[in-house]
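Residue numbers (this note's numbering), protein chains in the order written: chain G, 18 to 298; chain E, 7 to 182.
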Amino acid sequence: MNFRFLPWIGLVILASAIAFAQQAQRSNNEFYFFDEFKAKLLAGGKIQLSVVGKPIKADLKSQALKLEALLFEGVMVRTKGQSLAINAATISGNVNLTISRPSSSKIAGSNQTVEIQSAKISYVGATNTVASQGAVSIERNDVSASETMSLSAGSGEARLFEPGISSARSPFSSLHLDGGVKGILTGVAIEEGKPVLDSSQKPKKTIVNLTCTTLRYDDHAGKMTLSGNVKLWGDHPMLFGNIDAKQVVLIFSELGEIDEIIVTGEPASTTITRKPPPARK
Amino acid sequence: MISVVLASCAPGTSKRLSEITGTETKKTVLESAQTSSGELTSYGDRVPRRALWSIRWKTAELVYSQDGKAGGSMTDVEGDLFANGKKASRFRAQRGLASVKNRNLNLSGGVTIETSDPPGTLNCESVVWNPDTETIEAHGKVYVTMETIQFGPFDKLVVSPDLKEISTPGLASPKK
């Protein structure tokens, strides 16, 4: 009898987090509250994973991502010392994905959340991209920056910054929405770099409502392009009435304020800049 | 087919039981043997003949029949599990029960199965080797700890001999 336990077994047990448990979440459970799962270990530390849930819950700290869904199918990876992360996955059944990023206010320790709901999504970990071929809703809530964004569309793709990174404008590096886009953007009115105060001396809230056929947001360019039967209305220093056009481009400042609105189409092409013309003062 | 190697079989410990099982028309004569150590290896039906599992023990009560089938209960056991005829993992347990008829291997009491490629270990209260699927059914406080991921605790998991495929019973692979 020469059976011996190798010393690395003890090390492995100490080094590994408990990743799966069917019962209540423990502090280091990454997947929990599921009915069934199947895992296959692949080369390179990857794990092919199917999980069926009621719903499944997962908390993937390295991707600052929490999810609820009925079915998860994908490939996971765990880098040394990190929590389990999605390499690529298809997630379906009442999907609710909550992603956390630093607040765009840049106040240390404060975060904003992005909640994505859809019947089915795909997620690519390398690019932090969430895509939905069907109806999707996206809710951004940044308390520290006093900003929210609520969007819905027939389909869409959101690419987020790396975990731990946001721009001063947004947690999204890009956003593509198609088909029956509806949105509400709220924030605080800023003029000449200072918050505009209302009658009770509190920062004046702004609201921009929008509908269009397609929405493209490029954070690097600081530009949101709304196309196809665009309607824009609300209460914002840059909005001098309702806009109804073929295309509207919103140009954002470095700090995320709407600096310029370029309107193309009927009745005429118009550009609205942050400083209104003297006649409108 | 199951081959039995009896090492250190003390003289006089083997006795003829003349047990009769089944009907009068189908008699099987069994013998039992108490042995202090030994090894039993089970092979699959398919050609080429492949090992499924082998078990070694410190003490055992073996029962084997004239048709070559053998088995019994063993204590303080260890052994190997095979996948595609190659050693896939090693196990140890307090007790083992080898089923002659269906090639089942039952292990109980502090069962540990470990692999080296990739490094991993399974701990549970009992294990049943399923000859139909050539998988392990692990029962009772089941934990599987691999380099990159840990599963558990579960009441029951179905695991491949090399611990590379792990599932709950509802998503386990169908029969081979």
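Glycine included, every Cβ here is placed at the ideal spot set by N, Cα and C.
Anything in chain G within Cβ reach of GLU131/E, meaning under 8 Å, just list it in chain order. Within chain G, no residue comes near GLU131/E; the closest Cβ sits about 17 Å away, beyond 8 Å.
Rounded C-alpha distance that separates GLY76/G from LEU82/G: A small correction: the amino acid at residue 76/G is Asp; Gly does not occupy that position in the sequence shown. Near 6 Å, if we compare the C-alpha coordinates of LEU82/G and ASP76/G.
Interface flag, LYS55/G vs chain E, CB-CB below 8 Å: yes
Select from ILE119/E, PHE160/E, ASP51/E and MET152/E the residue whose C-alpha is nearest the C-alpha of ASN108/E. ASP51/E
Does chain E have any CB closer than 8 Å to the CB of SER100/G? no
Quick one: which unbroken beta strand (DSSP E) runs of 3-plus residues sit fully inside the stretch 62-118 of chain E? Chain order, please. 65-71, 76-89 and 92-104
Straight-line CA distance for ARG55/E to TYR49/E? 6 Å
So is PHE257/G buried or exposed if we call it buried at 16+ other beta carbons inside 10 Å? exposed
State yes or no: is the C-beta of ALA232/G within less than 8 Å of the C-beta of ILE155/E? It is worth fixing the name first, because residue 232/G is Leu in this sequence and not Ala. No, these two residues do not count as a Cβ contact at 8 Å.
Measure the C-alpha to C-alpha separation of ASN158/G and THR130/G and round it to an integer number of angstroms. 5 Å
With a cut-off of 8 Å, do at least 3 Cβ pairs link the stretch 140-154 of chain E to the stretch 119-127 of chain E? yes
Could you tell me the alpha carbon to alpha carbon distance between ALA57/E and PHE97/E, rounded to whole angstroms? 15 Å
Of all Cβ atoms in chain G, is any one closer than 8 Å to the Cβ of GLU171/E? yes
Considering only residues of the same chain and omitting the five flanking positions on each side of ASP86/E, which have a CB-CB separation below 6 Å? SER60, LYS93 and ARG96
Please compile the residues from chain G whose C-beta is within a distance smaller than 7 Å of the C-beta of THR154/E. GLY62, ILE64 and ARG95
Chain E contact residues for ASP52/G, given Cβ-Cβ distances below 8 Å: THR174 and GLY176
With contact counted as at least three CB pairs below 8 Å, one residue from each stretch, are the stretch 158-169 of chain G and the stretch 119-128 of chain G in contact? yes
Just the C-alpha distance for GLY28/E and GLU140/E, rounded to the nearest angstrom, thanks. Any reading at GLY28/E needs caution, since the residue's pLDDT is 33, under 50, leaving its predicted position unreliable; the model's value is listed next. Roughly 28 Å separates the two Cα atoms.
So, do the stretch 215-223 of chain G and the stretch 177-195 of chain G have three or more beta carbon pairs nearer to each other than 8 Å? no
From PRO167/E to THR230/G, what distance separates their C-alpha atoms? 54 Å
Residue-level contact to chain G via CB, GLY28/E, 8 Å cutoff: Annotation note: pLDDT 33 at GLY28/E (below 50); position unreliable, coordinate value reported separately. No - not a single Cβ of chain G is within 8 Å of the one on GLY28/E.
Just how far apart, CA to CA, sit LYS170/E and ALA178/E? 13 Å
State the Cα-Cα distance for the pair ILE155/G and ASN112/E, rounded to the nearest angstrom. 52 Å
On the CB-based measure, 16 or more other CB atoms within 10 Å of its CB, does THR31/E come out buried or exposed? Any answer about THR31/E is weak, because its pLDDT of 36 lies below 50 and its placement is not dependable; what the coordinates show is given next. With fewer than 16 other Cβ atoms within 10 Å, it is exposed.
Could you tell me the alpha carbon to alpha carbon distance between ASN136/E and SER135/G, rounded to whole angstroms? 41 Å
With which residues is MET166/G paired in a DSSP beta bridge? ARG157/G and LEU202/G
With a CB to CB cut of under 6 Å and the five nearest residues on each side skipped, what residues in its chain are close to ASN129/E? THR118 and TYR149
Closer than 8 Å, Cβ to any Cβ of chain E: which residues of the stretch 68-79 of chain G, in chain order? VAL69
Excluding five sequence neighbours on each side, which residues of the same chain lie with their C-beta closer than 7 Å to the C-beta of LEU103/E? SER79 and ASN112
Count the other CB atoms within 10 Å of the CB of PRO119/G; is the residue buried (16 or more) or exposed (fewer)? buried
Hey, out of VAL213/G, GLY210/G and SER109/G, whose CA is closest to ALA148/G's CA? SER109/G
Environment of ASP236/G [buried if 16+ CB atoms lie within 10 Å]: buried
Whole-angstrom distance between GLN150/G and PRO159/E, CA atom to CA atom: 37 Å
Mark PRO72/G as exposed unless 16 or more other C-beta atoms lie within 10 angstroms of its C-beta, in which case mark it buried. buried
I'd like to know if ASN104/G contacts chain E, where contact means its C-beta is closer than 8 Å to some C-beta of that chain. no
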